[in-house]
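*Asks:* One structure, pasted below without further comment.
In my numbering, the protein residues as written are 1 to 158.
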């Protein structure tokens with residue numbers, strides 16, 4: 001029994017020490033952010049000795065023009081979140097026979113913004129185009145979707 005009490009006491013002391021070591025103090029600042037290191041790259045040219053040069057990490061690809069426009073970003077979010085791509089395709093290429101191809105330059109020229117908004121409100125329900133959000137979309141949501149649809153047309157024309 002004496003050994004059991006001693007073992008339990010030792011376990012309690014060890015557990016307390018372990019927990020104390022794991023406690024995070026509030027006054028400890030977070031570590032500084034990591035910066036990419038420059039790498040030394042050996043370049044070799046025929047008939048010349050190898051040399052070391054500094055190489056910087058590659059720059060990230062720049063988003064397409066208009067991709068950072070908040071209205072286009074909101075339109076993309078609405079388009080992808082409301083099953084638009086199911087008929088019109090993820091890039092506006094049109095996947096169902098009656099679904100307009102937003103990538104078609106002629107369609108982009110002919111279709112006015114007001115006509116797109118009317119379709120979103122349910123004007124083309126008879127042709128199979130359901131109203132966006134059952135006809136409960138806001139004017140701002142309609143404008144954002146039009147901006148994204150126009151963006152898809154511009155992207156296809158590049």
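No residue lacks a Cβ here, since even glycine has one placed at the ideal position from N, Cα and C.
Going by C-alpha distance, which of 73, 94, 103, 138 is nearest residue 202?
*Replies:* Since the first residue of the chain shown is 1 and the last is 158, residue 202 is not available in this structure.
*Asks:* Taking DSSP as the reference, what is the three-state secondary structure of residue 127?
*Replies:* On the chain shown, position 127 is the one that residue 127 refers to. Three-state DSSP puts residue 127 in a helix.
*Asks:* Under the three-state reduction of DSSP, which class applies to residue 13: helix, strand or coil?
*Replies:* Start at 1 with the first residue of the chain shown, and residue 13 comes out as number 13. In this prediction, residue 13 scores a pLDDT of 49, lower than 50, which makes its location untrustworthy; the coordinate-derived value is nonetheless stated afterwards. Residue 13: helix per DSSP, three-state reduction.
*Asks:* If we count the other Cβ atoms within 10 Å of its Cβ and call it buried at 16 or more, is residue 151 buried or exposed?
*Replies:* Here the question's residue 151 lines up with position 151 in the chain shown. Buried.
*Asks:* Using the three-state DSSP reduction, which class does residue 83 fall into: helix, strand or coil?
*Replies:* If you number the chain shown from 1, residue 83 lands on position 83. DSSP places residue 83 in coil when its eight states are reduced to three.
*Asks:* Specify the secondary structure class of residue 96 as computed by DSSP and reduced to three states.
*Replies:* On the chain shown, position 96 is the one that residue 96 refers to. Three-state result, residue 96: coil.
*Asks:* Classify residue 145: buried if its beta carbon has 16 or more other beta carbons within 10 angstroms, exposed otherwise.
*Replies:* Translated into positions along the chain shown, residue 145 becomes position 145. It is buried - the Cβ of residue 145 has at least 16 other Cβ atoms within 10 Å.
*Asks:* When burial is assigned at 16 or more other CB atoms within 10 Å of the CB, is residue 138 buried or exposed?
*Replies:* For the purposes of this step, residue 138 is taken as residue 138 along the chain shown, with counting starting at 1. It is exposed - the Cβ of residue 138 has fewer than 16 other Cβ atoms within 10 Å.
*Asks:* Is the Cβ-Cβ distance between residue 117 and residue 142 less than 9 Å?
*Replies:* The residue you call residue 117 lines up with position 117 of the chain shown. The residue you call residue 142 lines up with position 142 of the chain shown. Result yes, Cβ atoms of residue 117 and residue 142 sit closer than 9 Å.
*Asks:* Note down, in chain order, each residue of its chain lying with its Cβ closer than 6 Å to the Cβ of residue 153, except the 5 sequence neighbours on either side.
*Replies:* Residue 153 sits at position 153 when you count from the first residue of the chain shown. Hits under 6 Å: 102, 108.
*Asks:* Quick one: residues in its chain with C-beta nearer than 6 Å to the C-beta of residue 113, no 5 flanking neighbours on either side, listed in chain order?
*Replies:* Indexing the chain shown from 1 puts residue 113 at position 113. These residues qualify, in order along the chain: 146.
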